[in-house]
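Here's the structure, in structure tokens; my notes come after.
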Amino acid sequence: MPGLVATQQPAEKLGGYDFYHKVLGSPKYVVAPMVDQSELAWRTLSRRYGAQLAYTPMINAKMFADGSRTNFREKNFNTVLGEEGSPQDRPLIVQLCGNDPQKMLTTAKCLEAHCDAIDINLGCPQDVARRGHYGSYLQDEWDLVHELINTLHRNLSVPVTAKFRVFSTVEKTVEYAQMLERAGAQILTCHGRTREQRGQKAGLADWEKIRAVKEAVKVPVFANGNVLFYSDIARCLAATGADAVMSAEGNLYNPALFCPAPALPSCSSDVAAPASDAATTLPVSTSEGILQGLSGLHPPHAELAREYLDIVKSQKTPTSPSAVKGHLFKLMRPALGRETDLRERLGKAHIVASEGAKAWIPYEEIVEEMRVRMERDAKVAEGKSLEELITIEPSTGLPVLPHWLAQPYFRPLPSPTPTQKGTSASAKTELVPPAERAEPVEFPEDTESAQAALDCPQSDSPPCKRIAEADELADEAAKRVKTT
Ligand SMILES: Cc1cc2nc3c(=O)[nH]c(=O)nc-3n(C[C@H](O)[C@H](O)[C@H](O)COP(=O)(O)O)c2cc1C
1 MPGLVATQQP AEKLGGYDFY HKVLGSPKYV VAPMVDQSEL AWRTLSRRYG AQLAYTPMIN
61 AKMFADGSRT NFREKNFNTV LGEEGSPQDR PLIVQLCGND PQKMLTTAKC LEAHCDAIDI
121 NLGCPQDVAR RGHYGSYLQD EWDLVHELIN TLHRNLSVPV TAKFRVFSTV EKTVEYAQML
181 ERAGAQILTC HGRTREQRGQ KAGLADWEKI RAVKEAVKVP VFANGNVLFY SDIARCLAAT
241 GADAVMSAEG NLYNPALFCP APALPSCSSD VAAPASDAAT TLPVSTSEGI LQGLSGLHPP
301 HAELAREYLD IVKSQKTPTS PSAVKGHLFK LMRPALGRET DLRERLGKAH IVASEGAKAW
361 IPYEEIVEEM RVRMERDAKV AEGKSLEELI TIEPSTGLPV LPHWLAQPYF RPLPSPTPTQ
421 KGTSASAKTE LVPPAERAEP VEFPEDTESA QAALDCPQSD SPPCKRIAEA DELADEAAKR
481 VKTT
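Numbers 1 to 484, taken from UniProt numbering, label the letters of the sequence shown in order.
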């Protein structure tokens, strides 16, 4: 490649399954890259509850490569305070987005010592990615994608991996995946939705296409999409043959998604014991079958929120107030519809990060109030079996857990339910496993206003977009300064 001199690879650089087993420790449960949401504090919480590998939010390589932007660098990956990428934050894959191999390499070189691999985002479907010419909008430029991956493959001391969306046909999806592998990607994460499947059109992920990819390449494959309940994990692994599942939405609404209900000890050893036994776990199955498969851990969400805030406060690395607010809205969502005063307070709370641990007091007060009210409600329900407490949402046929428990959030699929290969969405609703009957929110609500209202779930301005747009604006401003 012009301008780049390939360096000698250190002998110990492992690839493919050697890397997956020996460096990453054969993870099966993976936290997805999520802008403003898979930050250090959230990764810490998720690892406590069974996540075995985590990705950073995507980092704009062009912005990071510019060494003068120290503020941008520290906000996106703080190497100064020593927590991000430390042994407690491993295994960790740093995700980059961009279209310039040189800038991508410059950024990756800055971060390679702080992570186990560098991932390239080839899946972002947002307009900002189209304008910025990255993410899924590189899907049509295979030579460029090859060059991006190959440049990192040849020049980094850690492996390069890639996360991508499927094409409309299996054949093209497989061909693309094979090209990514040839270019040097050592793990492929396949999101089973196409570039067009976003927002209201997100629909279901196609596990059959993921299976075809898995069968066509030799490197490990992570399956992404349609994993909302613990029971979906085994179904997804069986259907796709993938080596691991990656979750975004499911993890955000229930960071204990990867924990089986009756087997807390099998999760990370420092999993906090949930406060109220009566309100934490679901039966593995019931004679009615309605609860069958809901075998995961669903801790009280206010407990999770409190634990998350404690982590935020205990870390030296600052967590952005917008990330924290976004997490609190998602975690406590099952109860915010009824506790409208708390919802309003959360929406209006203004955090000044420079005030240190004290800054979080407004959030702590809201979470504590929520915890007290949820304990009150759980107490009223004492003596009832969990089956009695679960309701079925009529439009989706999905079980709704008691409102004090963390649980997935989904909105009904547009009807009639589209038929898609690889899922049983074409089957009669009552025969379809829960998580296939509704679509997850592909990108999140706006963390400030739309979440406060909770009636604007498909905001045009999700954090991903807002942050990327802010990056673009800063970039343009910098250009103007240079040219004036
Ligand atoms: C809040 C949020 C932020 C996201 N940010 C990123 C990102 O930075 N990079 C990326 O590759 N995908 C991003 N995604 C997409 C997810 O990684 C994942 O591919 C998608 O949500 C489908 O997985 P799910 O069905 O488990 O939600 C984001 C998704 C959400 C919900």
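Built from N, CA and C at the ideal position, the CB exists for glycine as well.
Q: Pick helix, strand or coil for phenylalanine 19, following the three-state DSSP scheme.
A: Three-state DSSP puts phenylalanine 19 in a helix.
Q: Report yes if the C-beta of lysine 13 is less than 7 angstroms from at least one heavy atom of ligand 1; otherwise report no.
A: Ligand 1 has no heavy atom closer than 7 angstroms to the beta-carbon of lysine 13.
(Q) What would DSSP say about leucine 122, mapped onto helix, strand or coil? (A) The answer is strand: DSSP assigns leucine 122 an E or B state.
Q) Exposed or buried, what is proline 255 when buried is set at 16 or more other beta-carbons lying within 10 Å of its beta-carbon? A) Classification of proline 255: buried, given that the 10 Å Cβ count is 16 or more.
**Q.** Cβ neighbours of asparagine 85 in the same chain (closer than 7 angstroms, five flanking residues each side left out)
**A.** The amino acid occupying residue 85 in the given sequence is glycine; asparagine does not appear at that position. Within the same chain, glycine 85 has close Cβ partners Leu92, His114, Cys115.
Q.
Just to confirm the assignment, what range does the alpha helix (DSSP H) spanning asparagine 226 have?
A. Counted as a single uninterrupted DSSP element, the stretch harbouring asparagine 226 is not any alpha helix (DSSP H), since DSSP gives it neither H nor E.
(Q) Please determine whether the Cβ atom of glutamate 249 lies at a distance below 7 angstroms from any heavy atom of ligand 1. (A) Yes.
Q: Report, in whole angstroms, the separation of the C-beta atoms of tyrosine 20 and proline 220, which I expect to be a contact under 8 angstroms.
A: Rounded to the nearest angstrom, the Cβ distance from tyrosine 20 to proline 220 is 4 angstroms, consistent with a contact under 8 angstroms.
**Q.** Counted within 10 angstroms of its Cβ, other Cβ atoms place glutamate 382 as buried (16 or more) or exposed
**A.** With fewer than 16 other Cβ atoms within 10 Å, it is exposed.
Q | Of the residues Thr107, Ala108, Gly199, the one placed nearest glutamine 126, counting alpha carbons only | A | Out of Thr107, Ala108, Gly199, the CA that lies nearest to the CA of glutamine 126 is found in Gly199.
Q.
Any heavy atom of ligand 1 closer than 7 angstroms to the beta-carbon of alanine 234?
A. Every heavy atom of ligand 1 is 7 angstroms or more from the Cβ of alanine 234, so no.
Q) Straight-line CA distance for glutamate 112 to leucine 309? A) Distance between the alpha carbons of glutamate 112 and leucine 309: 29 angstroms.
**Q.** Option nearest residue 565 by Cα separation, candidates Leu138, Ala177, His146, Leu405
**A.** Residue 565 cannot be examined here, being either before or after the span of the chain that is shown, 1 to 484.
Q) Span of the beta strand (DSSP E) holding methionine 246? A) Here the beta strand (DSSP E) through methionine 246 covers 244 to 247.
Q.
Using only the alpha-carbon positions, how far apart do serine 449 and lysine 325 sit?
A. Residue placement at serine 449 is flagged as unreliable, the pLDDT there being 32, under the threshold of 50; the coordinate-derived value follows with that caveat. Going by the C-alpha atoms only, they are around 11 angstroms apart.
(Q) Taking the beta carbon of aspartate 206 as the centre, do at least 16 other beta carbons fall within 10 Å, making it buried, or is it exposed? (A) Taking all protein chains in view, the Cβ of aspartate 206 is crowded by 16 or more other Cβ atoms within 10 Å, so the residue is classified as buried.
Q) Which partner residues of isoleucine 366 appear in the DSSP bridge assignment? A) According to the DSSP secondary-structure assignment, isoleucine 366 is paired through a beta bridge with no residue.
Q. Nearest to methionine 104 by alpha carbon, out of Val145, Ala323, Ile210?
A. Here the closest residue by C-alpha is Val145.
Q) Is it buried or exposed for proline 87, if we count other Cβ within 10 angstroms and need 16 for buried? A) With fewer than 16 other beta carbons inside 10 angstroms of its own, proline 87 counts as exposed.
Q. What is the DSSP secondary structure of phenylalanine 77, counted as helix, strand or coil?
A. It is coil, neither helix nor strand.
Q. For glutamine 315, which of Gly356, Gly347, Leu342, Gly337 has the nearest alpha-carbon?
A. Of Gly356, Gly347, Leu342, Gly337, the residue nearest in Cα terms is Gly356.
Q) Where in the segment 35 to 73 do unbroken runs of the alpha helix (DSSP H), each at least 4 residues long, occur, reported from the N-terminal end onward? A) DSSP runs (the alpha helix (DSSP H)) wholly in the segment 35 to 73: 40 to 48, 61 to 65.
Q. So, helix, strand or coil for histidine 146, using DSSP?
A. Of the three classes helix, strand and coil, the one that applies to histidine 146 here is helix, per DSSP.
Q.
Taking only three categories from DSSP, how would you classify glutamine 95?
A. Strand at glutamine 95.
**Q.** Three-state secondary structure assigned by DSSP to phenylalanine 329
**A.** Three-state DSSP puts phenylalanine 329 in a helix.
Q) Is asparagine 226 closer than 8 angstroms to aspartate 232 when the C-beta atoms are compared? A) The criterion of a C-beta distance shorter than 8 angstroms is satisfied by aspartate 232 and asparagine 226.
(Q) Tell me which residue opens and which closes the beta strand (DSSP E) that leucine 398 is part of. (A) Where leucine 398 is concerned, the enclosing beta strand (DSSP E) starts and stops at 398 to 400.
Q: Please determine, among Leu297, Lys379, Thr240, the residue with the shortest C-alpha to C-alpha distance to tyrosine 253.
A: When Leu297, Lys379, Thr240 are compared, the shortest CA-CA separation from tyrosine 253 is found for Leu297.
Q) Name the DSSP bridge partner or partners of alanine 162? A) Checking the DSSP bridge columns, you'll see alanine 162 partnered with Ile120, Leu188.
Q. In the DSSP assignment, what residue or residues form a beta bridge with tyrosine 29?
A. Partner(s): Val245.
Q.
Nearest by alpha-carbon distance to proline 57: which of Ala323, Val23, Thr79 is it?
A. Of the listed residues, the one whose Cα sits closest to proline 57 is Ala323.
Q) Among residues of its own chain, excluding the 5 on either side of alanine 427, which ones have a beta-carbon nearer than 8 angstroms to its beta-carbon? A) Here alanine 427 scores only 25 on pLDDT, less than 50, and its place in the model is too uncertain to base an answer on.
Q.
Is asparagine 226 close to ligand 1? I mean its beta-carbon at under 7 angstroms from any heavy atom of the ligand.
A. At least one heavy atom of ligand 1 lies less than 7 angstroms from the C-beta of asparagine 226.
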